[in-house]
Each structure stands twice: as C-alpha cells, then as structure tokens.
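J.: Mapping to the UniProt record's numbering: the sequence shown position 28 is 28, numbers consecutive.
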Amino acid sequence: MANIKSQKKRIRTNEKARLRNRAVKSELKTAIRVVKDAVAAGNGAAALAGAHHACKLLDRAASKGVIHKNQAANRKSGIMKLANTVVTDEIRAAYKAPEKRATEPKGGTKKAARRAERQKAYEEAAKVKEKNRKATKKAQAAAEARKAAEAAEAEKASEAEEAEESTEEAAE
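(1) Would you call the region 55-71 in contact with the region 82-95, where contact means no fewer than 3 C-beta pairs closer than 8 Å?
(2) What residue does the alpha helix (DSSP H) around residue 146 start on, and which one ends it?
(3) From residue 46 to residue 71, what distance separates their C-alpha atoms?
(4) Along the chain, which unbroken stretches of the alpha helix (DSSP H) at least 4 residues long are found entirely within the region 2-45?
(5) For a test of the three-state rule: what should DSSP assign to residue 101, helix, strand or coil?
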C-alpha cells in the first residue's frame, strides 16, 4: 500500500475506473450476444435493432476511453456484416429507431431538477405577488380618490352650512 496521499487517491480512482470499464465491457458483450442470437434464430428485425443498439454502445465506450476508437469501428463493422446476413430491405425500411428519452434539465440530476422546479415556483410566486401588488395599488388609489371626493363633498357641505348660517345670522 502506498504511503503518499496522491498515490492513495490514484489507487482509489483507478479502482473506480476499472469497475466502470468492466461494467461497460460487459454491457458491450451482452449487446453483441443479442445480435448473434438474433442472427442464429434468423430474426432480422431483432438483429437490426440489436446491431444499432450495439453500435451506439460501442461508440459511447470509445468516446469514454474504455476501448480504442479503431477497435470500436472494427467491432461495429463485424456486427453490421453479421446482421446484414439476415436483414432484408423490407426489414430495413420497416425499422423504426427507438424514441429518445426525455432530456432532463441541465445537470441531469435530481438536485438540478428540484432546483429548476423551485426556480419556476419562485417565478410564478413573483408573478402572483406583482399581480396582487398592482391590485392593491389600484384599490388604494381608488380609496384615496373616494376619500378626496368625500372630503370635497364634506367641504362643500360645510361651506354650504356656513353660508346658510351666515345668511340666517344676517337675516336675524
């Protein structure tokens, strides 16, 4: 066992990479076996679908560095040659690629999805607050206008009363 901290970390990361690579290689073998079994059974549609899936996995493994890109190309070529022995033009024309899964928000994690939902909720709450704020300002403006009108009426009424009182006093 290493004594240096960086070497200990390197050992841990290498082990993680080894396990990931082993899982990817196992997945590749399974995908290739599916194609070989479909060819052996003479099922052209399954062979074509399996070949496309295996090619996708091989490309992904090559891009991640699990296998070399030339090895991926050679294996794809071999799989397609094998699948083409049972695939006919009718099967090729009838083949429909599987639908892509819905993409997740950027980050692709549950945490990012929750953050996006929370942000959306905040934006909606802000819209509701703004709407309520406008309604409140409108109501306040109407109330102020009503108070001003009532004050003007009261002032007119008081002036009218004063005028009546002054005319009554003048009449007396």
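Ideal Cβ placement from N, Cα and C applies to all residues, glycine included.
The model shown is predicted, which means the values in this text are computed figures rather than measured ones.
T.: Reading off the structure:
(1) The region 55-71 vs the region 82-95: no contact.
(2) For this step, residue 146 is matched to residue 146 along the sequence shown. From DSSP, the alpha helix (DSSP H) with residue 146 extends over 110-171.
(3) Counting from one through the sequence shown, the residue named residue 46 turns up at place 46. Counting from one through the sequence shown, the residue named residue 71 turns up at place 71. In this structure, the CA atom of residue 46 is about 24 Å from the CA atom of residue 71.
(4) For the region 2-45, whole alpha helix (DSSP H) runs of length 4 or above, ordered along the chain, are 5-41.
(5) Residue numbering aside, residue 101 sits at position 101 when the sequence shown is read from its first letter. In the three-state DSSP reduction, residue 101 falls in the coil class, being neither helix nor strand.
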